[in-house]
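Notes to accompany the following structure.
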Amino acid sequence: MKIIIAVHTLLMLTCFTITASATSISTSDTTTTPDFSLIDSNGKNISIHSLQGKVVFINFWATWCQPCVQEMPSINELKESFNGNDQVVFLTIDVDAELPKSKAYMDNKHFTLPVYAATTAIPRVFYYHSIPTTTILDKNGEIIWHVEGGKDYTSPEIRRILTEHIESK
């Protein structure tokens, strides 16, 4: 009986410690959006923080992911609707970092979406092993929208979110 009580106590303490750690991690993540670096299919390097001052649409995907492939035409259509607007940036990040393969996919489909791969660890606040995942950052680099799973990006909701933040000072 004493062993059972000791095991239960140990489990409760472990759960409390994990919960306390998770709470402190998520609290710190909401105050400052972490940075990470990317490389595009032409070898150009950028960081998320270097894009501050612009609204940033980030989509994490892979060529083998069926929901990713299904939503890609709507992401491309959304990007095209903002064509020529230098206040918004679209990033499609291949989580497998297979840039030649993902670039060939985009070219084959006649999509104009730029393809990137992470060159540093991607913070969990952006992506954590679930694709597709999409995050939108405001001009200050703060997360304003985040969704895991496929979505139709031709919806008025997404266009409204982007437009409102593009037009904000």
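Under mature numbering (1 follows the signal peptide of the UniProt record, and there is no 0), residues -20 to -1, 1 to 149 are what the sequence shown spells out, in order.
For every residue, glycine included, the Cβ atom is placed at its ideal position computed from N, Cα and C.
In this structure, Thr113 sits away from Ser54, with a CB-CB distance that is not shorter than 9 Å. In the DSSP annotation of this structure, the continuous segment of the alpha helix (DSSP H) that includes Tyr85 starts and ends at 79 to 89. Rounded to the nearest angstrom, the Cβ distance from Lys34 to Lys119 is 6 Å, consistent with a contact under 8 Å. The continuous alpha helix (DSSP H) containing Leu142 extends over residues 136 to 147. With contacts defined by Cβ atoms closer than 9 Å, Tyr96 and Asp20 form a contacting pair.
Spanning the alpha carbons of Phe37 and Glu137 requires a straight line of approximately 14 Å. Under the 10 Å beta carbon count, Val127 is surrounded by fewer than 16 other beta carbons and is classified as exposed. Cβ contact annotation for Glu60 (same chain, cutoff 7 Å, sequence separation greater than five): Thr92, in chain order. In summary, Ala101 is exposed, with fewer than 16 beta-carbon neighbours lying within 10 Å of its beta-carbon over all protein chains present. Boundaries for Asn120: no alpha helix (DSSP H) harbours it, and the DSSP string shows neither H nor E there. Of all alpha-carbon atoms in Gly64, Ile111, Leu31, the one lying nearest the alpha-carbon of Trp41 is that of Ile111. With fewer than 16 other beta carbons inside 10 angstroms of its own, His109 counts as exposed.
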